[in-house]
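**Student:**
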Amino acid sequence: MNSQVLPRLAILISGHGTNLQAFIDACARRELVAHIGIVISNNPKAVGLQRAHNAGLATHTIDHRDFATREEFDQALVNELHSASIDLVVLAGFMRILTPVLVQPFVGRLLNIHPSLLPKYPGMRTHQRALDSGDAEAGATVHFVTQELDGGPPILQGRLPTLPDDTAESLAARVSILEHAMYPLAVRWYLQGRLQLTDNGAVLDGKMIAATGVQYRADAR
Ligand code: GRF
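Residue numbers (this note's numbering): 6 to 226.
1. Can you tell me which of Gly113, Val112, Phe111 and Arg130 puts its alpha carbon nearest to the alpha carbon of Pro120?
2. For Arg13, which beta-bridge partners are listed by DSSP?
3. If you reduce the DSSP assignment to three classes, tell me which class Val112 lands in.
4. Do you know whose CA, among Arg56, Asn117, Val10 and Pro49, lies nearest Glu153's CA?
5. Is Ile18 near the ligand COA, in the sense that its beta carbon is under 7 angstroms from a heavy atom of that ligand?
6. Kindly indicate the opening and closing residues of the alpha helix (DSSP H) around His132.
7. Entirely within the region 64-101 and at least 4 residues each: give me those alpha helix (DSSP H) ranges in chain order.
8. Can you give me the C-alpha to C-alpha distance between Ala141 and Trp194, rounded to a whole angstrom?
9. Where does Pro49 land, buried or exposed, given buried means 16+ other C-beta within 10 angstroms?
10. Since Asn24 and Glu174 should fall inside the 8 angstroms C-beta cutoff, what is the C-beta to C-beta distance between them, to a whole number of angstroms?
11. Considering just the uninterrupted stretch of the alpha helix (DSSP H) at Leu103, what are its terminal residues?
12. Got a sec: does the ligand GRF put a non-hydrogen atom nearer than 7 angstroms to the Cβ of Asn24?
13. Taking a contact to mean a Cβ-Cβ separation below 8 angstroms, would you say Asp171 touches Leu115 in this structure?
14. Can you tell me whether Ala57 is helix, strand or coil according to DSSP?
15. So what does Gly206 bridge to, in DSSP terms?
16. What did DSSP end up calling Ala145 once you bin it into helix, strand or coil?
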């Protein structure tokens with residue numbers, strides 16, 4: 006199919022881009038019938054930019070340090086997203102706090118993945134905080150982005166057991182693998198028109214999603 010007629014994703018990164026790679030692979034396997042129209046990084050040194058280049062994707066670096074305010078940085082992002090005719094914005098390890106300048110034009114079309122079982126542990130150091138609390142389970146949550154940091158309505162939550170000898174690094178490595186499986190699934194639901202953000206929360210197949218999100222299973226479609 007001509008990439009011009011496919012739904013167009015923007016993937017926003019700051020670092021390694023392993024989730025970006027999962028989207029590149031899912032599109033290549035046609036598990037996601039979409040085109041990654043642009044990969045945007047706020048970090049010129051993000052390893053993920055090389056992944057995008059290797060896949061022949063358009064990239065754009067918008068360095069937040071070049072802007073006096075968060076709002077000006079966000080406006081530059083919005084301009085780039087509009088000129089790339091983006092349908093859905095996928096935050097994948099994008100380490101910036103967003104302002105309404107970016108959130109408002111894309112509300113309902115803006116997804117994030119957070120490496121914790123939200124509402125637990127918004128913010129940073131999620132794996133260490135889960136281990137310090139003695140949690141038996143950890144995981145990741147895909148959610149719609151709203152103005153509240155890591156607080157928009159959850160869509161999909163993947164969980165796995167913590168292990169007695171886990172470190173933040175070992176736990177992060179297992180959660181990362183889970184993220185790569187679950188994030189493209191949530192995007193597929195969106196692209197299939199099955200997933201919406203409403204005033205009351207996230208809806209899948211016409212039903213409200215629970216406050217902790219749909220529980221991810223490897224055989225979910
Ligand atoms: C992931 O753990 C994601 O949950 C968080 O940032 C990390 C990004 O990793 N938001 P990568 O850059 O996709 O490898």
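Yeah, the Cβ is synthetic: ideal placement off N, Cα and C, and Gly gets one too. It should be emphasised that the depicted structure is a prediction, and the values quoted were computed from it without experimental measurement.
**Tutor:** On the basis of the supplied data:
1. Arg130
2. His40
3. coil
4. Asn117
5. Judged by which ligands are present, the ligand COA is missing from the structure shown, whose ligands are the ligand GRF.
6. Thr131 to Asp137
7. 75-88
8. 29 angstroms
9. exposed
10. That pair is no contact at about 17 angstroms.
11. Element bounds for Leu103: n/a, residue is neither H nor E.
12. yes
13. no
14. helix
15. Thr203
16. strand
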